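142 is the number of the first residue of the sequence shown in my numbering; add one for each residue after it. Heads up, the beta-carbon is just placed ideally off N, CA and C, and yes, glycines get one too. Since we're looking at a predicted model, the values are computed, not measured. Notes follow once the structure below has been shown.
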Amino acid sequence: MVADGSGLSSRAGTALLALTAKRLGLTDSLCGALAGTRERRSAHDPGRVLCDLAVMAADGGSCVSDLAVLAGQGALFGNVASVPTARRVLLSMGSEEIDRVRQARALARERAWNAGAGPDRVILDFDATPISIHSEKEQAAGHYKGGFGFNPLIATCAREVLAGVLRPGNAGANNASDHLRALELALEQLPESALDGEILARSDSAGASHDFAGACRETRIRFSLGYPINGNVREQILTLDESAWEPAVNRDGQPREGAWVTELTDLIDLSSWPSGTRLICRRERSHPGAQLTFTDLDGHRFQCFITDQDGHDIAALEALHRSHAEVEDRVKTLKATGAGHLPFHAFKANAAWLELALTAHDIMVWTQQLVLDGEHKISEPKRLRYRILHVAGQITHHARRSTLHLPADWPWAGAILRAFKRLQALPAYG
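If you want it as structure tokens, here you go:
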């Protein structure tokens with residue numbers, strides 16, 4: 142065995158990520174965002190370094206040193222900065238630089254949505270997720286899962302994660318100011334055309350605060366928020382006749398077996414909430430082996446939410462609210478693109494790393510939505526890396542033309558070739 146190959150790469154498909162970022166102008170926008178941190182013209186451009194780090198995180202890297210994987214394949218990724226240089230770029234990022242990176246992401250998002258990556262409807266989902274750590278880091282604390290680390294609050298839209306607010310592990314779940322900050326950051330990520338349409342904000346009961354609901358009303362955003370079942374609500378539920386319940390439905394509108402919904406608006410005092418607020422309750426038979434709580438009765442589990450949406454079809458409103466659970470999938474994919482590990486001691490540096498993970502997630506989703514097809518448009522990062530990104534390739538040069546050769550017998554070679562062709566058809570901003 143000898144190591145004498147040239148032009149070889151074990152990340153041929155990962156080039157799709159880097160090229161998508163460049164095609165949407167994200168790379169150039171990041172260069173402009175971090176131009177003020179560049180120490181000398183001969184050095185690596187900080188924006189390009191940050192983009193390479195984002196590609197690295199989307200590719201599966203979890204720390205700055207993993208950038209060496211891209212640096213070792215210069216034929217495909219060009220002149221990639223060293224690990225110390227990349228580390229200095231992240232440590233140089235303060236709140237102003239992070240804000241400019243957010244602006245760069247928003248601009249690229251507008252272009253991606255214009256190219257077809259946008260959702261059919263703008264629904265903002267809010268959720269907190271613990272990130273456990275195993276060493277002392279600034280502002281790390283015990284979180285509600287019983288571990289130790291951080292508890293960031295994120296805001297998502299469809300398959301994209303728009304914003305993240307890094308918080309200590311002991312940050313309160315029902316912290317209205319954090320939800321307001323996440324809402325502000327999420328709205329800043331939306332294209333202007335999306336701001337003109339109807340927007341729905343969804344959250345579990347952690348987001349059900351008067352301040353958050355009031356902010357939604359002020360910005361003409363509809364809300365659908367989990368509502369805790371207190372003693373009064375429970376009493377009113379128990380007084381209901383069986384005829385008050387109607388069958389619940391799934392997202393496709395088909396009946397949901399063993400589940401019913403009803404409206405409690407006229408039975409509960411909601412005067413402290415914005416006018417038009419409604420309270421809707423779902424009753425569902427518990428799954429086999431499920432552990433019931435004090436709010437459950439006769440083998441049924443109850444969940445309530447408040448909303449200011451119009452419409453008489455409360456089953457459809459409940460099914461729409463229940464879809465908030467999809468935010469868990471976004472949390473999982475965000476952690477798979479760098480957010481699962483915060484590598485620095487300083488809180489400021491970890492906040493920059495979280496923004497890097499958000500950028501990596503953007504690049505991953507935009508690549509899937511714009512250039513991939515079939516199941517690969519919605520595949521989780523692990524499967525996408527195995528099939529598409531981590532395919533071997535060889536670059537050859539002939540007659541002033543470079544060609545990337547993929548294995549002829551790779552089962553997904555056709556999907557990769559189609560992706561590169563679609564990429565060339567995208568409007569070029571960079």
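**Q.** Asp-449 and Arg-358 closer than 9 Å at C-beta
**A.** As a first step, residue 449 must be located in the sequence shown, where it is residue number 308. As a first step, residue 358 must be located in the sequence shown, where it is residue number 217. Asp-449 is a Cβ neighbour of Arg-358, given a cutoff of 9 Å.
**Q.** Whole-angstrom distance between His-486 and Ile-239, CA atom to CA atom
**A.** Walking along the sequence shown from the start, residue 239 turns up at place 98. Walking along the sequence shown from the start, residue 486 turns up at place 345. Ile-239 and His-486 have their C-alpha atoms roughly 18 Å apart.
Q: Ignoring anything shorter than 3 residues or poking outside the segment 205-286, list the beta strand (DSSP E) runs there in chain order.
A: The beta strand (DSSP E) runs lying completely inside the segment 205-286 and spanning 3 residues or more are 263-269, given in chain order.
Q) Start and end of the beta strand (DSSP E) containing Trp-401? A) Walking along the sequence shown from the start, residue 401 turns up at place 260. It spans 396-404 - the beta strand (DSSP E) in which Trp-401 sits, taken as one unbroken run.
Q: Throw me the rounded Cβ distance for the Leu-564 and Val-512 pair, which I believe falls under 8 Å.
A: For the purposes of this step, residue 564 is taken as residue 423 along the sequence shown, with counting starting at 1. For the purposes of this step, residue 512 is taken as residue 371 along the sequence shown, with counting starting at 1. Rounded, the Cβ-Cβ distance is 5 Å, consistent with contact.
Q. What residue ranges within the segment 440-479 form continuous alpha helix (DSSP H) runs of no fewer than 4 residues, ordered along the chain?
A. Counting whole runs of 4 or more residues, the segment 440-479 contains the alpha helix (DSSP H) stretches 455-463, 468-475.
Q.
Rounded to the nearest angstrom, what separates Tyr-368 and Ala-347 at their Cα positions?
A. Within the sequence shown, numbered from 1, the residue matching residue 368 stands at position 227. Within the sequence shown, numbered from 1, the residue matching residue 347 stands at position 206. Each residue's Cα considered, the two are about 9 Å apart.
(Q) Going by beta-carbon coordinates alone, are Leu-499 and Gly-305 separated by less than 9 Å? (A) Residue mapping note: residue 499 aligns to position 358 of the sequence shown, counting from 1. Residue mapping note: residue 305 aligns to position 164 of the sequence shown, counting from 1. In this structure, Gly-305 lies closer than 9 Å to Leu-499 by Cβ.
**Q.** Chain-order list of residues whose beta-carbon lies under 6 Å from that of Leu-160 (same chain, five-residue window excluded)
**A.** To locate residue 160, count along the sequence shown from 1; it is residue 19. Correct list, in chain order: Leu-564.
Q: Taking 8 Å as the threshold, find out whether the segment 274-291 comes into contact with the segment 202-212 through three or more Cβ pairs.
A: No: the two stretches stay apart, fewer than three of their Cβ pairs being nearer than 8 Å.
Q: Since I believe Leu-366 is in contact with Asp-349 (beta carbons under 8 Å), could you give me their beta-carbon distance rounded to a whole number of angstroms?
A: Along the sequence shown, one-based indexing puts residue 349 at 208. Along the sequence shown, one-based indexing puts residue 366 at 225. Looking at the sequence itself, residue 349 is Ala, so the reference to Asp does not match. Yes, Ala-349 and Leu-366 are in contact; Cβ-Cβ is about 4 Å, under 8 Å.
Q: With distances taken Cα to Cα, identify the nearest neighbour of Asn-292 among Met-142, His-462, His-482.
A: Locating residue 292 in the sequence shown gives position 151, where the first residue counts as 1. Closest option to Asn-292, Cα to Cα, is His-482.
Q | Anticipated Cβ contact below 8 Å, Ala-216 with Ser-150, distance rounded | A | Stepping through the sequence shown from its first residue, residue 216 is reached at position 75. Stepping through the sequence shown from its first residue, residue 150 is reached at position 9. Rounded to the nearest angstrom, the Cβ distance from Ala-216 to Ser-150 is 7 Å, consistent with a contact under 8 Å.
Q) How would you call Pro-396, buried or exposed, if buried means at least 16 neighbouring beta carbons within 10 angstroms? A) Within the sequence shown, residue 396 is the residue found at index 255, counting from 1. Taking every protein chain shown into account, the CB of Pro-396 has fewer than 16 other CB atoms within 10 angstroms, so this residue is exposed.
**Q.** Sheet register partners of Ile-295 (DSSP bridge)
**A.** Sequence index remark: in the sequence shown, residue 295 carries index 154 (1-based). Looking at the DSSP output, Ile-295 sits in a beta bridge with Asp-268, Gly-305.
Q.
Using the Cβ count rule (16 or more neighbours within 10 Å means buried), how would you classify Glu-425?
A. Translated into positions along the sequence shown, residue 425 becomes position 284. Counting C-beta atoms within 10 angstroms of its own C-beta, Glu-425 has 16 or more neighbours from the protein chains shown and is therefore classed as buried.
**Q.** Rounded distance between the beta-carbons of His-351 and Trp-124, thought under 8 Å
**A.** Coverage of the chain is limited to positions 142 through 571, which leaves residue 124 absent and any answer about it impossible.
Q. Between Ala-456 and Leu-411, what straight-line distance do the alpha-carbon atoms span, to the nearest angstrom?
A. Position 315 of the sequence shown holds residue 456. Position 270 of the sequence shown holds residue 411. In a straight line, the C-alpha of Ala-456 is about 21 Å away from that of Leu-411.
**Q.** Between the CA atoms of Asn-311 and Ser-223 - distance to the nearest angstrom
**A.** For the purposes of this step, residue 223 is taken as residue 82 along the sequence shown, with counting starting at 1. For the purposes of this step, residue 311 is taken as residue 170 along the sequence shown, with counting starting at 1. One C-alpha to the other measures close to 36 Å.
Q) Just how far apart, CA to CA, sit Gly-290 and Thr-270? A) The count along the sequence shown starts at 1 and reaches residue 290 at position 149. The count along the sequence shown starts at 1 and reaches residue 270 at position 129. Those two C-alpha atoms are separated by around 11 Å.
Q | Beta-carbon proximity of Arg-241 to Leu-175, cut-off 9 Å | A | Position 100 of the sequence shown, counted from the start, is the residue given in the question as residue 241. Position 34 of the sequence shown, counted from the start, is the residue given in the question as residue 175. Yes, Cβ-Cβ distance for Arg-241 and Leu-175 is below 9 Å.
Q: Starting from the C-beta of Leu-248, find all residues in its chain whose C-beta is less than 6 Å away, skip the five residues before and the five after it, and write them out in chain order.
A: Translated into the one-based positions of the sequence shown, residue 248 becomes position 107. So the qualifying residues of the chain are Ser-170.
Q. For Val-532, does the three-state DSSP call read helix, strand or coil?
A. Looking up residue 532 in the sequence shown gives position 391. In the three-state DSSP reduction, Val-532 falls in the coil class, being neither helix nor strand.
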